[in-house]
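Trainee: After the structure tokens below, expect a handful of questions from me.
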Amino acid sequence: MSKFVKSSLIGAGVALGLALSPVALAAKTLVFCSEGSPEGFNPSLYTAGTTFDASSRQVYNRLVEFERGTTVIGPALAESWDVSEDGLEYTFHLRKGVKFHTTDNFTPTRDMNADDVVWSFMRQFDENHPYHKVSGGSYEYFNGMSMPDLLKDVEKVDDYTVKFLLNRPEAPMIANLGMDFASIMSAEYAAKMQEAGTPEKVDLEPVGTGPFQVVAYQKDAVIRFKAHPDYWGGKAPLDNLVFAITPDPSVRYQKLKAGECHVMPYPNPADIEAMRSDPDVNLLEQEGLNVGYLAYNSQMAPFDNAKVRKALNMAINKDAIIEAVFQGAGKVAKNPIPPTIWSYNDATQDDPYDPEAAKAMLAEAGVSDLKTNIWAMPVQRPYNPNARRMAELIQADWAAVGVTADIVSYEWGEYLERSKATDRDGAVLLGWTGDNGDPDNFLAVLLGCDGVGGSNRAQWCHQPFEDLIQKAKVVSDRDERTKLYQEAQLVFKEQAPWATIAHSVVYKPVRPEVVDFRIDPFGGHVFYGVDLKE
Amino acid sequence: MFRFIITRLGLVIPTFVGITLLTFAMIRLVPGDPIELLAGERGVSPERHAELRAAYGLDKPMLEQYWIYAKGILSGDLGKSIVTRQPVIDEFFTLFPATVELSFCAMLFAVMVGLPVGVLAAVKRGSVFDHTVMGTALTGYSMPIFWWGLLLIILFSGILGWTPVSGRISLLYYFEPVTGFMLVDSLLSGQDGAFSSAVSHLVLPTIVLGTIPLAVIARQTRSAMLEVLGEDYVRTARAKGLSPLRVIGIHALRNALIPVITVIGLQVGVLFAGAVLTETIFSWPGIGKWLIDSISRRDYPSVQGGILLIATTVILVNLLVDLVYGLVNPRIRHRR
Chain A
1 MSKFVKSSLI GAGVALGLAL SPVALAAKTL VFCSEGSPEG FNPSLYTAGT
51 TFDASSRQVY NRLVEFERGT TVIGPALAES WDVSEDGLEY TFHLRKGVKF
101 HTTDNFTPTR DMNADDVVWS FMRQFDENHP YHKVSGGSYE YFNGMSMPDL
151 LKDVEKVDDY TVKFLLNRPE APMIANLGMD FASIMSAEYA AKMQEAGTPE
201 KVDLEPVGTG PFQVVAYQKD AVIRFKAHPD YWGGKAPLDN LVFAITPDPS
251 VRYQKLKAGE CHVMPYPNPA DIEAMRSDPD VNLLEQEGLN VGYLAYNSQM
301 APFDNAKVRK ALNMAINKDA IIEAVFQGAG KVAKNPIPPT IWSYNDATQD
351 DPYDPEAAKA MLAEAGVSDL KTNIWAMPVQ RPYNPNARRM AELIQADWAA
401 VGVTADIVSY EWGEYLERSK ATDRDGAVLL GWTGDNGDPD NFLAVLLGCD
451 GVGGSNRAQW CHQPFEDLIQ KAKVVSDRDE RTKLYQEAQL VFKEQAPWAT
501 IAHSVVYKPV RPEVVDFRID PFGGHVFYGV DLKE
Chain B
1001 MFRFIITRLG LVIPTFVGIT LLTFAMIRLV PGDPIELLAG ERGVSPERHA
1051 ELRAAYGLDK PMLEQYWIYA KGILSGDLGK SIVTRQPVID EFFTLFPATV
1101 ELSFCAMLFA VMVGLPVGVL AAVKRGSVFD HTVMGTALTG YSMPIFWWGL
1151 LLIILFSGIL GWTPVSGRIS LLYYFEPVTG FMLVDSLLSG QDGAFSSAVS
1201 HLVLPTIVLG TIPLAVIARQ TRSAMLEVLG EDYVRTARAK GLSPLRVIGI
1251 HALRNALIPV ITVIGLQVGV LFAGAVLTET IFSWPGIGKW LIDSISRRDY
1301 PSVQGGILLI ATTVILVNLL VDLVYGLVNP RIRHRR
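Note that the protein sequences, when read in sequence, are chains A and B. Note that the working numbering gives residue 248 to position 248 of the first sequence, counting from 1, and the numbers run on in steps of one. Note that the working numbering gives residue 1292 to position 292 of the second sequence, counting from 1, and the numbers run on in steps of one.
The structure is reproduced here in structure tokens:
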């Protein structure tokens, strides 16, 4: 990758040397103090947000995309689409005149067309595709979203029409196609690299249709982008975009203050107060697309009794958790989906914090001297900044109603694996960050019957709930789906397979000269549309 | 001398084999599965999990895995990273020059300051200067690196604005790496101000990484000097009327240096260990940060390969120190 350099930039670097302020590199250069190096530049091969920031969110486009700063999906490389009556055929009408990037080793001879779309999906779908095994060939998001089972075929109808054939109707299909793994790559570039005997270059030296193109990358140091001059949506207001890789959050803050970068991700919770009063920082905030929960094992007595689960929920003081664990940067969760997702049911009544009533309910259920475990994750996650502390608070709350709980923890990989067991002892602290803004991505993945023994940590398979979410999966009408999901949330609340703990608040410190940076609900960083004051 | 070199070289081979075994076994003994960690909360199905384990060769018996690894080493192939799927050796050597550059500067700083301070403290034994130096050295030795680095950044970059916060060079400059050493590359680039920018970026990390070796060297020099200053030949030299500078600089220091050289050799390992934290604080694109990331992701090939290469470097440096030591001190090389 180090050889992947544009000589023109060397000249530009000399010219830029005349600038006085560190961030005033060129007329419009925005510096983003990113948190780490991308795993590579092909978003279909990897799963980390850091990789998506450096690839799909700047360099590539998808058929459909989320409007910046929202979970609303809209047209992108596809101008429009039709869904057949039976929900098994999706026909996309592609945008014309979309140009791929011109780089050192590739000059496109044609515009983006149906061949590129078919290539991008068939590489992941078809095991005999010449590119399927290139760069390790594992497509975890494609697999994770059940695309291999769902897709029957992806066909080119004509140069600007592509048809997706499905094995079963799937309402979240469009939202899935807005995800990073569904980025459209150049089939022409791939063919050229294969001919040259260097197919893996497609994944390391990206050529996309996106608003920015990669100019140079130095691992753990810097990624340099420049605006794509022929971008179909109009050239980005920024001329250059630089990712200065800065792993430590306190150092990122110092760099932001010193003007060495304009935008920083993931601030230290302890620095938030100082940032609020800092004249060099404009602190943006938004509720995250996530949920942190405590999942009971609903297959093990006495947690197979909804009354017991409900009573334990009522014994937890969630406000105290928000204060102590999130230091205020969180909101109490009452539903298993965050409020930023459509179909969020605001009419749900949360279990009130009432230790006395909880005690009485446990007695009614015939439970006394209950001993159990609380599993605390060993890592910090957006939906739970300190699981150990959270577990301690819950432990104390439960002790007050006569329940003795021990806190257990394992190494992160072990934790994820062991917590899947259906005969697991105790309640597990975990959470989820949304992938595509569809309620199905929370409710079916985390609480559906298919997830038992896997991502459904409550091991909860409740037929009335399952019927609702399965029906919502095949209905394409948004209003009807909303109703089904809202009802499902009520069933969930009544059955209480989890204690819903919190949705975190995401903070994004930017410098005052940054114009129109919007927090991405999916946790990404999108710089198209962002500008800098002169 | 030839026999001495052969003996020393002979010891390197079993050490090397030991390291390959140790790194291979240790990373596998640490609980955690690379595939589970890659998948995170999303998880993978048991079938997919098995497929991926097979793809990375993790389903093979341990002995066979080790054999594949060992065979790879002999042909210069350390495998591919599970995370980035790039050859480990390429990733290592992209990042290694940054660590070497920083470690070299830190060691230079530690020696240039530590030696004279240690000598002076010994000569002025019991004085306020001596007590101050030894007190400061003890503090430096026990300083938490992370805290020390952040403190310096807040003071010199934040409040005073004298040095840049982090990185290797200002983003104003861009050139293709030639040697990987920023000081050299910035000079070669011919761009105005690039070299001074590289130097200014090196100042704080050098001080932070050099602090512990500096403290050790200063203390070691002082005690070695004190021992030597009490020797008969020093008293004789003084009695002969030689200037104090000559007595201390030539007669005493020369002999006191022998243990100090050993300590410097041993500090190379300490530097690599310290680089892990220093590199994280100063966003320094070296192998320390890379190795920690690899360990936390259970990226077996990167951890095995990375530690093997670092250990090789430390072995070679210590071999060099041993040889220099033998050269300086004939008693060592003639010992049977």
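All C-beta atoms, glycine included, are put in the ideal place defined by N, C-alpha and C.
1) Using 8 Å as the Cβ pair cut-off and three pairs as the minimum, do the region 290-302 of chain A and the region 491-498 of chain A touch?
2) Hey, is the region 99-114 of chain A in contact with the region 192-212 of chain A, meaning 3+ C-beta pairs nearer than 8 Å?
3) So which residues of chain A does proline 1285/B contact, with C-beta pairs closer than 8 Å?
4) If you run the structure through DSSP and keep just helix, strand and coil, what is tyrosine 353/A?
5) When the Cα of tyrosine 60/A is compared with those of Gln470/A, Val263/A, Asp278/A, Phe181/A, which residue comes out closest?
6) Could you check the C-alpha separation between alanine 1239/B and histidine 1251/B for me, to the nearest Å?
7) Roughly how many angstroms lie between the CA atoms of glycine 178/A and threonine 71/A, to the nearest whole one?
8) Kindly indicate the opening and closing residues of the alpha helix (DSSP H) around leucine 370/A.
9) Give me the chain B residues within the contact set of asparagine 143/A, using Cβ-Cβ distance strictly less than 7 Å, ordered along the chain.
10) Per the DSSP calculation, tyrosine 139/A is bridged to which residue(s)?
11) What does DSSP give as the partner residues of asparagine 384/A in its beta bridges?
12) Going by the beta-carbon positions, is the gap between aspartate 220/A and lysine 1289/B smaller than 8 Å?
13) Find out if the Cβ-Cβ distance for the pair aspartate 111/A, alanine 187/A is shorter than 8 Å.
14) Alpha carbon to alpha carbon, how far is isoleucine 1248/B from proline 22/A? Give it in angstroms, no decimals.
15) Is it right to say glutamine 349/A is buried, meaning 16 or more other beta carbons lie within 10 angstroms of its own, or is it exposed?
16) Are any of the Cβ atoms in chain A nearer than 8 Å to that of glutamate 1091/B?
17) Give me the chain A residues within the contact set of isoleucine 1153/B, using Cβ-Cβ distance strictly less than 7 Å, ordered along the chain.
18) Any beta carbon from chain A within less than 8 Å of tyrosine 1174/B's own beta carbon?
19) Identify each residue in the region 256-273 of chain A for which the Cβ-Cβ distance to at least one residue of chain B is less than 7 Å, and report them in chain order.
20) For the region 422-485 of chain A, list the alpha helix (DSSP H) runs that are entirely contained and at least 4 residues long, ordered along the chain.
21) Can you confirm whether proline 1164/B, when its beta carbon is compared against all beta carbons of chain A, has any partner nearer than 8 Å?
22) Using three-state DSSP, classify leucine 1078/B as helix, strand or coil.
23) Roughly how many whole angstroms lie between the Cα atoms of isoleucine 1258/B and tyrosine 1325/B?
24) Contact criterion: CB-CB distance below 8 Å. Does glycine 524/A meet it with respect to chain B?
25) Does the pairing of the region 1107-1120 of chain B with the region 1199-1217 of chain B give three or more beta-carbon distances under 8 Å?
26) The ligand ZN and leucine 166/A: does any heavy atom of the ligand fall closer than 7 Å to the residue's C-beta?
27) May I have the straight-line CA-CA distance separating glycine 1244/B from aspartate 1130/B, to the nearest angstrom?
28) Give the C-beta separation of proline 385/A and valine 325/A to the nearest angstrom, bearing in mind that I take them to be a contact with Cβ-Cβ under 8 Å.
29) Report yes if the CB atom of leucine 468/A is closer than 8 Å to the CB atom of alanine 444/A, and no otherwise.
30) Can you tell me whether asparagine 1318/B is buried or exposed, with buried defined as 16 or more other CB within 10 angstroms of its CB?
31) Would you identify the three-state DSSP class for arginine 1003/B, choosing helix, strand or coil?
32) Leaving out the 5 sequence neighbours to the left and right, which residues in its chain are closer than 8 Å to valine 14/A when beta-carbon positions are compared?
33) Specify the secondary structure class of glycine 87/A as computed by DSSP and reduced to three states.
34) Between which two residues does the alpha helix (DSSP H) holding histidine 503/A run?
35) For the beta strand (DSSP E) containing leucine 238/A, name the first residue and the last one.
36) Tell me, which residues are paired with asparagine 282/A by DSSP?
Mentor: A quick look at the data gives this:
1) yes
2) yes
3) Residue mapping note: residue 1285/B aligns to position 285 of the second sequence, counting from 1. Under the 8 Å cutoff, chain A gives Gln218, Lys219, Asp220, Ala221, Ile245.
4) One-based indexing of the first sequence puts residue 353/A at position 353. Correct three-state label for tyrosine 353/A: coil.
5) Counted from its first residue, the first sequence places residue 60/A at position 60. The residue with the shortest Cα to Cα distance from tyrosine 60/A is Phe181/A.
6) Here residue 1239/B refers to the residue found at position 239 of the second sequence. Here residue 1251/B refers to the residue found at position 251 of the second sequence. Rounded to whole angstroms, alanine 1239/B to histidine 1251/B spans 13 Å at the Cα level.
7) Counting from one through the first sequence, the residue named residue 178/A turns up at place 178. Counting from one through the first sequence, the residue named residue 71/A turns up at place 71. Spanning the two alpha carbons is a distance of roughly 10 Å.
8) Position 370 of the first sequence holds residue 370/A. Careful: leucine 370/A lies outside any alpha helix (DSSP H) and carries neither H nor E.
9) Sequence index remark: in the first sequence, residue 143/A carries index 143 (1-based). Neighbours of asparagine 143/A on chain B, chain order: Arg1048.
10) Along the first sequence, one-based indexing puts residue 139/A at 139. For tyrosine 139/A, which the question treats as bridged, DSSP gives no partner whatsoever.
11) Here the question's residue 384/A lines up with position 384 in the first sequence. Asparagine 384/A is bridged to Arg381/A.
12) By one-based count along the first sequence, residue 220/A stands at place 220. By one-based count along the second sequence, residue 1289/B stands at place 289. The answer is yes: Cβ separation under 8 Å.
13) Position 111 of the first sequence holds residue 111/A. Position 187 of the first sequence holds residue 187/A. Taking the C-beta atoms as reference points, alanine 187/A is found no nearer than 8 Å to aspartate 111/A.
14) Taking the first sequence and counting its residues from 1, the one referred to as residue 22/A is at position 22. Taking the second sequence and counting its residues from 1, the one referred to as residue 1248/B is at position 248. Confidence at proline 22/A is low in this model, with a pLDDT of 44, below 50, so the placement of that residue is unreliable and no value is reported for it.
15) Mapped onto the first sequence, residue 349/A falls at position 349. Flag for glutamine 349/A reads exposed.
16) Your numbering for residue 1091/B matches position 91 in the second sequence. Contact of glutamate 1091/B with chain A is assigned, a C-beta pair being separated by under 8 Å.
17) Here the question's residue 1153/B lines up with position 153 in the second sequence. Neighbours of isoleucine 1153/B on chain A, chain order: Val251, Gln254.
18) Indexing the second sequence from 1 puts residue 1174/B at position 174. Yes, tyrosine 1174/B counts as interfacial toward chain A.
19) From the region 256-273 of chain A, only Lys257, Ala258, Glu260 have a Cβ closer than 7 Å to chain B.
20) 440-447, 463-474
21) As a working note, residue 1164/B is residue 164 in the second sequence. True, the Cβ-Cβ gap to chain A drops below 8 Å.
22) Within the second sequence, residue 1078/B is the residue found at index 78, counting from 1. If DSSP states are grouped into helix, strand and coil, leucine 1078/B belongs with coil.
23) Counting from one through the second sequence, the residue named residue 1258/B turns up at place 258. Counting from one through the second sequence, the residue named residue 1325/B turns up at place 325. Straight-line Cα distance between these residues: approximately 7 Å.
24) Taking the first residue of the first sequence as position 1, residue 524/A is located at position 524. Chain B contact via Cβ: absent.
25) yes
26) The model on display carries no ligand, and the ligand ZN is accordingly not part of it.
27) For the purposes of this step, residue 1244/B is taken as residue 244 along the second sequence, with counting starting at 1. For the purposes of this step, residue 1130/B is taken as residue 130 along the second sequence, with counting starting at 1. One point to set straight first is that residue 1244/B is proline, not glycine, in the sequence displayed. Approximately 18 Å, taken between the alpha carbons.
28) Taking the first sequence and counting its residues from 1, the one referred to as residue 385/A is at position 385. Taking the first sequence and counting its residues from 1, the one referred to as residue 325/A is at position 325. The pair is a contact, with the Cβ atoms about 6 Å apart (cut-off 8 Å).
29) Residue 468/A sits at position 468 when you count from the first residue of the first sequence. Residue 444/A sits at position 444 when you count from the first residue of the first sequence. Not a contact, by the Cβ cut-off of 8 Å.
30) Taking the second sequence and counting its residues from 1, the one referred to as residue 1318/B is at position 318. Answer is buried; the Cβ neighbour count reaches 16.
31) The residue labelled residue 1003/B in the question sits at position 3 within the second sequence. Reduced to three states, the DSSP call for arginine 1003/B is helix.
32) One-based indexing of the first sequence puts residue 14/A at position 14. Unreliable positioning characterises valine 14/A in this predicted model, as indicated by a pLDDT of 35, which lies under 50. The coordinate reading is nonetheless provided below. Closer than 8 Å at Cβ, skipping near neighbours: no residue.
33) Locating residue 87/A in the first sequence gives position 87, where the first residue counts as 1. Collapsing the DSSP output to three states places glycine 87/A in coil.
34) Here residue 503/A corresponds to residue number 503 of the first sequence, with the count starting at 1. Histidine 503/A -> not in any alpha helix (DSSP H); beta strand (DSSP E) instead, spanning 498-510.
35) Along the first sequence, read from residue 1 onward, the residue named residue 238/A stands at position 238. Counting along the chain, leucine 238/A falls outside any beta strand (DSSP E), and DSSP gives it neither H nor E.
36) Numbered from its first residue, the first sequence carries residue 282/A at position 282. BP columns for asparagine 282/A point to Val510/A.
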